[in-house]
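Engineer:
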Amino acid sequence: MNEQGVYGFIVEKKASKPEIKRAVEKMYDVKVVDVRTMRYAGKPKTRYTKTKIVSGFSNAFKKAIVQVAEGDIIDFYGEI
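Sequence positions in the sequence shown follow UniProt numbering and run 1 to 80.
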């Protein structure tokens, strides 16, 4: 989807769409057209060890899908 100007980011759970838009525009010097967000709940995980069964949850997180203006690109690997 990068060819269409759509990028995905893992963001802070309490971040709002306007905050995400301002942060991406400032960090990558692009014009953001649209921001969509998704919240993911932690999934149950179980691990079997020699002494006992360890149960818990994976971390919950929030994902933002950001669409930039046509002609703008975000180059993640340009400075490597």
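Note that beta-carbon positions come from the ideal geometry of N, C-alpha and C, so glycine has one too.
Once you ignore the five residues that flank I65 on each side, which residues in its own chain have a CB closer than 7 Å to its CB?
Structural biologist: V6, G8 and R36
Engineer: Is it the case that the stretch 21–37 contacts the stretch 49–57, given that we only count it when at least three CB pairs across the two stretches are under 8 Å?
Structural biologist: Note that the stretch 49–57 does not touch the stretch 21–37; fewer than 3 beta-carbon pairs, one per stretch, sit closer than 8 Å.
Engineer: Would I20 and F61 qualify as a contact pair, given that the criterion is a beta-carbon distance under 8 Å?
Structural biologist: no
Engineer: Taking N59 as the reference, which of G42, R47 and A69 has the closest Cα?
Structural biologist: G42
Engineer: Can you grab the Cα-Cα spacing for the pair D34 / A69, in whole Å?
Structural biologist: Between D34 and A69, the C-alpha separation is close to 9 Å.
Engineer: Quick one: residues in its chain with C-beta nearer than 7 Å to the C-beta of D72, no 5 flanking neighbours on either side, listed in chain order?
Structural biologist: G5, V30 and K31
Engineer: Considering Cα atoms alone, identify which of Y40, R47, Q67 and I80 is closest to K17.
Structural biologist: The residue with the shortest Cα to Cα distance from K17 is Q67.
Engineer: By how many angstroms is the C-alpha of K14 removed from the C-alpha of G78?
Structural biologist: 29 Å
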